[in-house]
Amino acid sequence: MGTDDNQSISVAERNRVIVKTSIIGIGTNLLLSATKAVIGLASNSIAILLDAVNNLSDAFSSVVTIIGAKLAGKKPDKKHPYGYGRVEYLSESLIAAVILYAGITSLVESVRKIIHPETADYSTLSLLIVAGAVVIKLLLGLYVKRTGKKVNSGSLVDSGTEALFDVVVSLSVLLSAILFIGWHVSVEAYLGVIIAVLIIRTSILMLRSTVSSILGQRIDSKLTKGIKAYVCQQFGVSGAYDLSLHDYGPDRLIGSLHIEVPDTATAAEIDQLTRLIQDGVYAEFHVTLATIGIYSVNTHDTVAADIRAKVTQMVTSRQYVMQIHGFHADTERKKISLDIVVDYAAPNRKAVFEAAIADIQQTFPDYQIKANMDAYISD
Numbered sequence: 077m078g079t080d081d082n083q084s085i086s087v088a089e090r091n092r093v094i095v096k097t098s099i100i101g102i103g104t105n106l107l108l109s110a111t112k113a114v115i116g117l118a119s120n121s122i123a124i125l126l127d128a129v130n131n132l133s134d135a136f137s138s139v140v141t142i143i144g145a146k147l148a149g150k151k152p153d154k155k156h157p158y159g160y161g162r163v164e165y166l167s168e169s170l171i172a173a174v175i176l177y178a179g180i181t182s183l184v185e186s187v188r189k190i191i192h193p194e195t196a197d198y199s200t201l202s203l204l205i206v207a208g209a210v211v212i213k214l215l216l217g218l219y220v221k222r223t224g225k226k227v228n229s230g231s232l233v234d235s236g237t238e239a240l241f242d243v244v245v246s247l248s249v250l251l252s253a254i255l256f257i258g259w260h261v262s263v264e265a266y267l268g269v270i271i272a273v274l275i276i277r278t279s280i281l282m283l284r285s286t287v288s289s290i291l292g293q294r295i296d297s298k299l300t301k302g303i304k305a306y307v308c309q310q311f312g313v314s315g316a317y318d319l320s321l322h323d324y325g326p327d328r329l330i331g332s333l334h335i336e337v338p339d340t341a342t343a344a345e346i347d348q349l350t351r352l353i354q355d356g357v358y359a360e361f362h363v364t365l366a367t368i369g370i371y372s373v374n375t376h377d378t379v380a381a382d383i384r385a386k387v388t389q390m391v392t393s394r395q396y397v398m399q400i401h402g403f404h405a406d407t408e409r410k411k412i413s414l415d416i417v418v419d420y421a422a423p424n425r426k427a428v429f430e431a432a433i434a435d436i437q438q439t440f441p442d443y444q445i446k447a448n449m450d451a452y453i454s455d
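Count along the sequence shown starting at 1, add 76, and that's the number in the numbering used here.
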């Protein structure tokens with residue numbers, strides 16, 4: 077698994093691309109908003125006016141994106157040693173909130189137009205301009221969203237997604253105008269309600285996604301499985317567990333994991349191995365492993381190996397136990413240490429964990445059991 081395109085871009089270059097794309101979005105949306113506002117007022121069309129408001133909110137979103145990128149690009153300091161990358165998630169939340177406000181405002185205005193209807197007066201020129209705006213918005217949306225994915229900017233992706241949604245809105249406005257001109261059927265206000273509801277739904281989905289990132293969501297399984305597979309390929313590593321990654325902004329993942337190594341490995345060998353893993357994981361996945369813990373695997377004690385096999389079979393056969401790791405049996409001091417991973421789906425995780433310990437204790441009554449209930453934090 078190699079690095080993605082966005083991982084090879086420097087922070088400075090990434091911010092430059094975000095700012096440039098956002099400026100293009102601001103200029104285009106302001107022009108479209110002003111044009112549609114004039115047409116909407118001249119034709120007394122609530123749908124076109126709401127479309128103008130959409131474009132204005134998109135321009136504001138681009139301004140927020142620029143501010144967020146600038147703040148997120150600040151270098152780490154004593155107060156924030158991991159940098160300011162998470163500011164981008166806050167800017168994404170603000171963009172979603174602005175879109176939500178625009179949707180609620182549009183809904184209120186559309187309902188008012190249903191209660192107090194007004195007849196629109198379209199001209200051929202106005203419809204041609206709206207049609208041209210549809211094409212411009214489509215090209216802008218595709219460009220912004222594609223660029224956002226390239227540089228891993230959630231704000232740009234959100235802005236691009238909203239722009240593409242606006243294309244649907246503008247097309248609906250255009251079709252309602254044609255319907256009114258051809259058959260004298262006015263559906264503008266009702267269309268406005270539908271558009272407003274869709275805008276509100278989109279903003280809520282954006283907010284949910286961003287809040288999830290701020291809270292700390294599960295890292296993509298493709299990445300975590302790739303890292304673990306890479307680590308296990310290194311000579312002397314028999315297992316990789318407890319991979320924990322913390323998101324400090326786009327492309328800023330810092331974490332830790334445990335590896336199983338033979339109990340015969342020396343401190344020098346372990347030091348060399350952990351450095352090799354840290355350098356390799358960063359080069360391959362652009363992830364910083366700040367800490368690598370060590371689990372010592374019994375290799376020279378056949379009694380300990382037999383205990384491990386029995387405990388593994390016994391505990392993992394219990395429902396909701398996903399795996400055990402970090403196992404070590406000290407046959408001289410009569411101690412067994414291990415981590416037990418219990419599925420989040422278990423009705424009572426603690427009860428499952430305690431039952432597993434009880435099984436071990438019953439099978440090996442002479443041993444002191446030291447177990448830790450581990451969380452299933454990554455695939």
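Beta carbons are placed, not taken as given, at the ideal position from N, Cα and C, and that holds for glycine. Since we're looking at a predicted model, the values are computed, not measured.
Under 8 Å: do the region 155 to 163 and the region 232 to 244 share three or more Cβ pairs, one atom per stretch?
no
**Request:** For my contact list, LYS410 and ASP442 are in at a C-beta cut-off of 8 Å; report their separation, rounded to the angstrom.
**Result:** About 6 Å separates the beta carbons of LYS410 and ASP442, which is inside the 8 Å limit, making them a contact pair.
ask   = So what does DSSP say about PHE361, is it helix, strand or coil?
value = helix
### Message
By the three-class DSSP mapping on this structure, what secondary structure does THR439 have?
### Response
helix
- Message: What does the alpha-carbon distance come out to for the pair PHE361 and GLN444?
- Response: Rounded to whole angstroms, PHE361 and GLN444 show a C-alpha spacing of 40 Å.
Q) ARG294: buried (16+ other C-beta within 10 angstroms of its C-beta) or exposed? A) exposed
| message | With a threshold of 7 Å on Cβ separation, who are the neighbours of ALA178 within its own chain once the five nearest residues in sequence on each side are excluded? | response | VAL129, ASN130, SER133, ILE275
Report task. Give me the Cβ distance between ALA421 and ALA405, rounded to the nearest whole Å; I'm assuming they're in contact under 8 Å. Result -> With a Cβ gap of about 30 Å, ALA421 and ALA405 do not count as contacting.
If you measure between the beta carbons of LEU251 and ALA207, is that distance less than 8 Å?
no
ask   = Where does the unbroken alpha helix (DSSP H) through VAL174 begin, and where does it stop?
value = 163 to 191
Task: DSSP three-state assignment for ASP81, whether helix, strand or coil - done: Any reading at ASP81 is ruled out, since the residue's pLDDT is 43, under 50, leaving its predicted position unreliable.
Have a look at ILE257, LEU352, ASP419, GLN438 and flag the residue whose alpha-carbon is nearest the alpha-carbon of ASP450. ASP419
For GLU336, report the span of its alpha helix (DSSP H) as first-last.
Taken as a continuous stretch (DSSP letters only), GLU336 belongs to no alpha helix (DSSP H), being part of the beta strand (DSSP E) at 329 to 338.
**Item:** Enclosing alpha helix (DSSP H) for GLN389 [first to last residue]
**Value:** 378 to 392
Using the Cβ count rule (16 or more neighbours within 10 Å means buried), how would you classify LYS150? exposed
- [ ] Could you tell me which of THR97, SER320, ARG328, TYR371 sits nearest to TYR452, measuring between CA atoms?
- [x] SER320
Original post:
With 16 as the cutoff for other CB atoms within 10 Å, does GLN83 come out buried or exposed?
Top reply: Legend: pLDDT at GLN83 = 46, less than 50; position of this residue unreliable, value from coordinates given subsequently. By the 10 Å Cβ count, GLN83 comes out exposed.
- Does DSSP put SER86 in a helix, in a strand, or in coil? coil
Exercise. In chain order, what residues of the same chain have a beta carbon less than 8 Å from the beta carbon of ASP81, not counting five sequence neighbours either side?
Worked result: Residue confidence is low: ASP81 scores 43 on pLDDT, short of 50, so the model does not pin down where it sits. Its coordinate-derived value is still stated next. Cβ contact annotation for ASP81 (same chain, cutoff 8 Å, sequence separation greater than five): LYS226, in chain order.
Worksheet item: Going by Cα to Cα distance, which pick from LYS301, VAL263, GLN354 is closest to ALA54?
Response: Outside the shown range of the chain (77 to 455) lies residue 54, about which nothing can therefore be said.
Exercise for review: Compute the Euclidean distance between the alpha carbons of GLU185 and LYS304, then round it to the nearest angstrom.
Suggested key: CA-CA distance, GLU185 to LYS304, rounds to 54 Å.
Query - Sub-8 Å separation of GLN354 and ILE370 beta-carbons - result: no
Excluding the five sequence neighbours on either side, which residues of its own chain have a C-beta within less than 7 Å of the C-beta of ILE102, listed in chain order? ALA135, SER138, VAL139
Exercise for review: Since I believe THR392 is in contact with ILE400 (beta carbons under 8 Å), could you give me their beta-carbon distance rounded to a whole number of angstroms?
Suggested key: 6 Å
Practice prompt. Would you give the residue range spanned by the alpha helix (DSSP H) that ALA447 belongs to?
Written response: Note, ALA447: premise wrong, no alpha helix (DSSP H); beta strand (DSSP E) at 444 to 450.
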